[in-house]
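Residue numbers (my numbering): 781 to 1038. All C-beta atoms, glycine included, are put in the ideal place defined by N, C-alpha and C. Here's the structure, in structure tokens; my notes come after.
Below, the structure is given as structure tokens:
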């Protein structure tokens, strides 16, 4: 059976320092994310890998040309209108904005910071899948240990949780990648792939530029910039031998609910 790698990036305003009491000017938020995004695009081009980019409409409006070009090789999905605030109307507004900029259909949604969002509202806004839940426990963020670990349908909406290992639900998202040795991540990824036949992992472009000057906890800004690019390159090169990289929308076309 073919195993699939669903690699995604959340393109957003770099507002995480504001969570830790450091206000940032709007132009800095866009510039940091843009620098990291260009590094990510260069890496994916070099490795010839397809990914899905969840983009805030706000970022896209400030970087139209980059997002237009990105949509020609990768899937564009919605990450809401703004990263720091949300209203139900943003579901449809962000979708329409991204479709207008890219001239492509937007079928996927991921809520900022993986916060809860109503599936019925997502489906009503015209989306076909939702990847907004990390089925594990992250102190101070969420406890989703009782939630489904793998992909499932709710009505016509495919819910695609972020990948975690079987049993202990070790998370395979960006923070784990930053703070654990690559060998540990590879072991967890291999176990998850063998069990689930797919891997749903995500990062942020701002991780791939230097963020050492910002007031962030060490576990957030650890290995940013070139160190993070090099580590991700090793990981993705290894993953190319473990499965096939495809967009989430393509995965949905072939997904059969267990």
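Can you give the beta carbon distance from residue i to residue j, rounded, assuming they're within the 8 Å contact cut?
i           : j            : result
residue 857 : residue 839  : Residue 857 to residue 839, Cβ: 13 Å. No contact.
residue 808 : residue 1025 : Not quite, the Cβ-Cβ distance comes to about 32 Å (not below 8 Å), so this is no contact.
residue 843 : residue 989  : Between residue 989 and residue 843 the Cβ distance is about 15 Å, and since that is not below 8 Å, they are no contact.
residue 954 : residue 987  : 6 Å
In angstroms with no decimal places, state the Cα-to-Cα distance between residue i and residue j.
i            : j            : result
residue 901  : residue 907  : 9 Å
residue 1012 : residue 943  : 17 Å
residue 796  : residue 1009 : 20 Å
residue 985  : residue 793  : 10 Å
residue 920  : residue 893  : 12 Å
residue 968  : residue 813  : 28 Å
residue 883  : residue 870  : 19 Å
residue 785  : residue 913  : 18 Å
residue 925  : residue 945  : 12 Å
residue 927  : residue 933  : 13 Å
residue 1040 : residue 935  : Since the first and last residues shown for the chain are 781 and 1038, residue 1040 lies out of range.
residue 879  : residue 1035 : 24 Å
residue 803  : residue 911  : 29 Å
residue 966  : residue 999  : 19 Å
residue 848  : residue 881  : 6 Å
residue 863  : residue 815  : 18 Å
residue 877  : residue 841  : 8 Å
residue 896  : residue 798  : 21 Å
So what's residue i in DSSP terms, helix, strand or just coil?
i            : result
residue 1024 : strand
residue 888  : strand
residue 787  : strand
residue 793  : coil
residue 959  : helix
residue 925  : coil
residue 1009 : helix
residue 965  : helix
residue 820  : helix
residue 880  : helix
residue 934  : strand
residue 834  : strand
residue 918  : strand
residue 988  : helix
residue 1034 : helix
residue 981  : strand
residue 911  : coil
Ignore the nearest five residues each way along the sequence and tell me which others in residue i's own chain have a CB closer than 7 Å to its CB.
i           : result
residue 909 : 887, 888, 937, 938, 940, 1028 and 1032
residue 790 : 834, 859, 890, 982 and 984
Which residues in the same chain have their Cβ closer than 6 Å to the Cβ of residue i, if we skip the five residues on either side of it in sequence?
i           : result
residue 991 : 1001 and 1004
residue 783 : 973, 977 and 1023
residue 873 : 861
Compute the distance between the beta-carbons of residue i and residue j, then report whether it is under 8 Å.
i           : j            : result
residue 947 : residue 981  : no
residue 979 : residue 827  : no
residue 836 : residue 855  : no
residue 962 : residue 1014 : yes
residue 850 : residue 821  : yes
Residues in the same chain with beta-carbon distance under 8 Å from residue i, minus the five sequence neighbours each way, listed in chain order, please.
i           : result
residue 949 : 915, 916, 917, 925 and 929
residue 960 : none
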